[in-house]
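First comes the structure, then the notes that go with it.
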Amino acid sequence: GALAIFNVLPGVEAPGLENLTAHGGFLPHGFNGVIIGLLAAVTAFAGMEVVTIAAAESPDPARAVARAVRTTVWRIGVFLIGSMAVVVTLLPWNDSEVGQSPYVAVLNRTGVPAAGQIMNVVVLFALVSAMNANVYTTSRMLFSLAERGEAPRFLAVVSRVSVPYRAVLASAAFGFVSVVLSIIWPDTIFQFMINSVGAVGLIVWGLIALSQLRLRRELQAQGPLAVRMWGFPYLSWITIAGIGAVLALMAHEPTTRSQVACTGLLAVSLWVIAAVRNRRASRTFTV
8 GALAIFNVLP GVEAPGLENL TAHGGFLPHG FNGVIIGLLA AVTAFAGMEV VTIAAAESPD
68 PARAVARAVR TTVWRIGVFL IGSMAVVVTL LPWNDSEVGQ SPYVAVLNRT GVPAAGQIMN
128 VVVLFALVSA MNANVYTTSR MLFSLAERGE APRFLAVVSR VSVPYRAVLA SAAFGFVSVV
188 LSIIWPDTIF QFMINSVGAV GLIVWGLIAL SQLRLRRELQ AQGPLAVRMW GFPYLSWITI
248 AGIGAVLALM AHEPTTRSQV ACTGLLAVSL WVIAAVRNRR ASRTFTV
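Numbering (my numbering), first residue to last: 8 to 294.
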């Protein structure tokens, strides 16, 4: 990408940095476009916490978690931010190919043969990887809930190699059911899932930050922490404030308002169910 931008790649017309300020100037439609892009980018990162869940099952969890966090940050910087910088630099924002497949358009302009087929393969591998990560995360969460008695106990059974296979099968089964339902009611089920998942990640991240504020001091009292987040507790509060700001922007934006509504309804329903269940459990224990 850099070779094409600065006229080092032969046979490619080099725009330099002109496309960043041409065609109406920098931010030709104001800051609103940045806000819309920010909302799409934030919701696209939902599920990143899976790297720490997977690292916790390694032989050296403390070292693996720290390494996973560091590598995730630089991978986002290189593969996402870096690739987007190349796209917006090589491709004018008002080009007709922007609304179709900007990555394919950039590959075609740099002379890469069969760019469309290459991108299809990349997307296929990305989808398979995401599906694998989702099944893994969901199965581990089901297993953890079952161990605490907050999910059916049969999901806590593991194989001889310590794999919660019943939770894995349950997660995969729900995935297949959702696919079938999406085929039967494409305009209802799929849209509801897309709208719900958008802000679910933000709520999960917010709960993680709140949990850290409460639990870190308790864990520090028990002994030194193997992995410590710098900037505590200020960075945690900044994170919570940022999540709240993004949710407010989503509620204000008409295209994402339904995501906040669906997610809020789901969160409140789960909170009510958990509160009723805990109250019944406490009464049973008291009696």
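Yeah, the Cβ is synthetic: ideal placement off N, Cα and C, and Gly gets one too.
The structure displayed is predicted, hence computed values, not measured ones.
Counting along the chain, no alpha helix (DSSP H) covers A121, and no H or E run does either. DSSP, reduced to helix, strand and coil, places V170 outside both helices and strands of the structure shown, so it counts as coil. As the crow flies, the alpha-carbon of E25 is around 8 angstroms from that of T96. Taken in chain order, the complete alpha helix (DSSP H) segments of 4 residues or longer contained in the segment 62 to 86 are 68 to 82. Using a 10 angstroms sphere on the CB of I280, the tally of other CB atoms stays under 16, which defines it as exposed.
If you draw a straight line from the Cα of I210 to the Cα of L188, it is about 26 angstroms long. Excluding residues up to 5 positions away in sequence, I210 lie with their Cβ nearer than 7 angstroms to the Cβ of A274 in the same chain. Within the same chain, and ignoring the five residues on either side of A69 in sequence, the residues whose Cβ sits closer than 6 angstroms to its Cβ are A233, V234. By the Cβ neighbour-count rule, Y241 is exposed, with fewer than 16 other Cβ atoms within 10 Å of its own. T145 is positioned such that its CB atom lies closer than 8 angstroms to that of S178. For the beta strand (DSSP E) assignment, the segment 15 to 61 encloses no uninterrupted run of at least 3 residues.
When C-alpha distances from T262 are compared across P35, S151, G40, T117, the shortest belongs to G40.
Residue burial annotation: I191 is exposed, with fewer than 16 other C-beta atoms found within 10 angstroms of its C-beta. The criterion of a C-beta distance shorter than 8 angstroms is not satisfied by A121 and L98. Measuring C-alpha to C-alpha distances from T246 to each of S218, G31, R160 identifies S218 as the nearest.
Setting aside the 5 residues that flank it on each side, A71 is surrounded in the same chain by A62, S65, each with a C-beta closer than 7 angstroms to its C-beta; the list follows chain order.
Its chain contains A206, L254, M257, A258 as the residues whose beta carbon lies nearer than 7 angstroms to that of V267, once the 5 sequence neighbours on both sides are disregarded; these appear in chain order. When the five nearest sequence neighbours on each side are left out, the beta carbons in the same chain lying within less than 6 angstroms of the beta carbon of S166 are those of Y172, in order along the chain. Only exposed fits F86, as fewer than 16 other CB atoms lie within 10 angstroms of its CB.
DSSP, reduced to helix, strand and coil, places A158 outside both helices and strands of the structure shown, so it counts as coil.
When the alpha-carbon of A75 is set against those of D67, T59, I83, I88, the nearest one is in T59.
Straight through space, the alpha carbons of V93 and L10 are spaced by roughly 10 angstroms. Straight through space, the alpha carbons of P17 and G213 are spaced by roughly 48 angstroms. In this structure, DSSP gives T270 a helical state, which the three-state scheme calls helix.
Excluding its 5 nearest sequence neighbours in each direction, R160 has C-beta neighbours in its own chain below 8 angstroms: A153, listed in chain order.
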